[in-house]
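Structure, as structure tokens:
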Amino acid sequence: MTSLPQATPTFDGIQGYTVPDSTPSPLRLASAPAGAPNIVLILLDDVGFGTCGTFGGPVPTPALDRVAAHGLRFNQFHTTALCSPTRAAMLTGRNHHTVHMGGIPEGANVFPGYDSIIPKEAASVAEILKQSGYSTGAFGKWHLAPLWEQTLAGPFDRWPTGLGFERFYGILNAEASQWEPPMFDQTTPVMPYEGRDDYHMTEDIVDKAISWMRVQKASQPGKPFFSYIATGAMHCPHHVAPEWIEKFKGQFDQGWDELRREIYERQLSLGVIPEGTALTARPDEVPSWDEYPDRYKPVASRLMEVFAGFLAHTDAQIGRVLDALEQMGEM
95 MTSLPQATPT FDGIQGYTVP DSTPSPLRLA SAPAGAPNIV LILLDDVGFG
145 TCGTFGGPVP TPALDRVAAH GLRFNQFHTT ALCSPTRAAM LTGRNHHTVH
195 MGGIPEGANV FPGYDSIIPK EAASVAEILK QSGYSTGAFG KWHLAPLWEQ
245 TLAGPFDRWP TGLGFERFYG ILNAEASQWE PPMFDQTTPV MPYEGRDDYH
295 MTEDIVDKAI SWMRVQKASQ PGKPFFSYIA TGAMHCPHHV APEWIEKFKG
345 QFDQGWDELR REIYERQLSL GVIPEGTALT ARPDEVPSWD EYPDRYKPVA
395 SRLMEVFAGF LAHTDAQIGR VLDALEQMGE M
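Residue numbers (my numbering): 95 to 425.
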């Protein structure tokens, strides 16, 4: 494929005066090449390089371990250190300024590269795959639509359904309560948490993603799918059930200086960072743990316990995705 949209195939049959004088032209529908793989892309927000256990971090991530054990673990994936620019670059394969997402939509301005209006000339990977015979679905956080296009009046060109995703279930904005998020089903607002006291957005989007993938597999077994799952985690607010937080009680009381050293040594041992790498100096504006007032230390430790519990819960939901794929024979 060299251009989008693909041109409508020309009729290469024969149109005679009567049916016997005519020869039909085969109907040519978009279809993926034989053996084209299913693609599942899972994106977490605000997770540091040294956070997940898979990369030497303090939070066990067994689901991510499963993925790494069956594939490759890269240590040179660069983000823009901002949400929307990273997503725009990843989904279009272009520099984030080229697709006008130099910052987040909430801070858009009229200067080139910063208006948050992804140009129509920049096709998303979802659009390319859809026109190549894939089913496409996006579940979770989007954060790529200009603020003035996020109303029910549209336009919906830069919502997921306008950028190549046939199915969308999730949130449009940067952050949301995990208990009561402003969810959309396609372009219709929904409130799936109503009447429930056990709702959590990560669990909900994973439920929807798994259901959608199963439907694709059952309805058209030979048609590959692209499932993009972008959790609201680990962006604030850090919302997770207490039992997940309590798993990490007391595990960060040593403070950030000792924690950094522990992560550094594990990453060296795992080969995540090369031998001879020096531990980065602590920024001057961050006090040492010894200098930090004792009355604040329990709060800082608790904040990290909550973060860790939220990440562990998120990894467990990723594990559910992997389990579902295995049950479908796709792992």
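Ideal placement from N, C-alpha and C gives every residue a C-beta, glycine not left out.
Buried/exposed call for Pro79, threshold 16 Cβ in 10 Å | Here the chain has residues from 95 to 425 only, and residue 79 is not among them.
For the region 266 to 336, which segments carrying the alpha helix (DSSP H) assignment without a break, of at least 4 residues, lie completely within its bounds, in sequence order?
-> Runs found: 295 to 313.
Span of the beta strand (DSSP E) holding Lys214?
-> Where Lys214 is concerned, there is no enclosing beta strand (DSSP E), because DSSP gives it neither an H nor an E.
Closest by C-alpha distance to Ile323, when choosing among Ala312, Ser305, Glu337, Pro315 | Taking only the C-alpha atoms, the option nearest Ile323 is Ser305.
Which first and last residues belong to the beta strand (DSSP E) in which Val219 is found?
-> Counting along the chain, Val219 falls outside any beta strand (DSSP E), though it belongs to the alpha helix (DSSP H) covering 219 to 224.
Under the three-state DSSP convention, the category Val141 falls into = Val141: coil per DSSP, three-state reduction.
Across which residues does DSSP place Lys235 in a beta bridge pair?
-> Bridge partners of Lys235: Ile265.
Three-state class that DSSP yields for Leu362 in the structure shown | Looking at Leu362 - three-state DSSP - the assignment turns out to be helix.
In whole angstroms, what separates the C-alpha of Pro156 from that of Pro120?
-> Distance between the alpha carbons of Pro156 and Pro120: 49 Å.
For Thr371 versus Ala327, is the C-beta distance shorter than 9 Å?
-> Between Thr371 and Ala327, the C-beta gap is not smaller than 9 Å, which leaves the two residues out of contact.
From Ala375, His164, Arg261, pick the residue whose C-alpha is nearest to that of Leu416; which is it?
-> Selected option, being the one with the closest Cα: His164.
Exposure label - Arg389; buried when at least 16 CB within 10 Å | A residue is called buried when at least 16 other Cβ atoms come within 10 angstroms of its Cβ; Arg389 does not meet this threshold and is exposed.
Would you please state the rounded distance, in angstroms, between the beta carbons of Glu260 and Lys214? I believe it to be under 8 Å.
-> At roughly 18 Å, the Cβ-Cβ gap does not stay under 8 Å, so Glu260 and Lys214 are not in contact.
Please state if the CB of Val134 and the CB of Ser321 are separated by a distance shorter than 9 Å.
-> Result yes, Cβ atoms of Ser321 and Val134 sit closer than 9 Å.
Put Ser229 into one of helix, strand or coil per three-state DSSP.
-> In this structure, Ser229 counts as strand in the three-state DSSP scheme.
Thr325 to Ala101, Cα distance in whole Å?
-> Counting only the Cα atoms, Ala101 lies some 36 Å from Thr325.
Could you tell me whether any non-hydrogen atom of the ligand NAD is closer than 8 Å to the CB of Ala202?
-> You won't find the ligand NAD in this model; it holds no ligand whatsoever.
When you compare only the Cα positions, how much space is there between Leu176 and Gln345?
-> So the alpha carbons of these two residues sit roughly 29 Å apart.
Do three or more CB pairs link the region 385 to 404 to the region 333 to 341 at distances below 8 Å?
-> Below 8 Å, enough C-beta pairs join the region 385 to 404 and the region 333 to 341 to call them touching: three or more.
Beta-carbon proximity of Pro206 to His191, cut-off 9 Å = A contact, by the Cβ cut-off of 9 Å.
Asp292 versus Gln310, Val309, Gln272, residue with shortest Cα-Cα distance | It is Gln272 whose Cα lies nearest to the Cα of Asp292.
With DSSP run on the structure shown, which of helix, strand or coil describes Thr117?
-> For Thr117, the three-state secondary structure derived from DSSP is strand.
So, is Trp236 buried or exposed, given that buried needs 16 or more other C-beta atoms within 10 angstroms?
-> With 16 or more Cβ atoms within 10 Å of its Cβ, Trp236 is classed as buried.
Looking at the unbroken alpha helix (DSSP H) that takes in Pro156, where does it start and where does it end?
-> For Pro156, the enclosing alpha helix (DSSP H) stretches over residues 156 to 163.
Helix or strand or just coil, what does DSSP make of Leu123?
-> Of the three classes helix, strand and coil, the one that applies to Leu123 here is coil, per DSSP.
Just confirm the distance between the C-beta atoms of Ile299 and Gly256, as a whole number of angstroms; I'd bet it's less than 8 Å.
-> Between Gly256 and Ile299 the Cβ distance is about 19 Å, and since that is not below 8 Å, they are no contact.
Run through DSSP, which three-state label would Ile339 get?
-> Here Ile339 sits in helix by DSSP.
Give me whichever residues DSSP pairs with Ile198 in a beta bridge.
-> Residue pairing by DSSP places Ile198 opposite no residue, since no beta bridge is assigned to it.
Give the C-beta separation of Met195 and Ile212 to the nearest angstrom, bearing in mind that I take them to be a contact with Cβ-Cβ under 8 Å.
-> Right, their Cβ atoms sit about 7 Å apart.
Would a C-beta distance cut-off of 9 Å place Pro232 and Phe262 closer than the cut-off?
-> Here residue 232 turns out to be Ala, not Pro, going by the sequence shown. Their beta carbons are under 9 Å apart, which means Ala232 touches Phe262 by this criterion.
Burial state of Trp242, where buried means 16 or more other Cβ atoms lie within 10 Å = Exposed is the call here.
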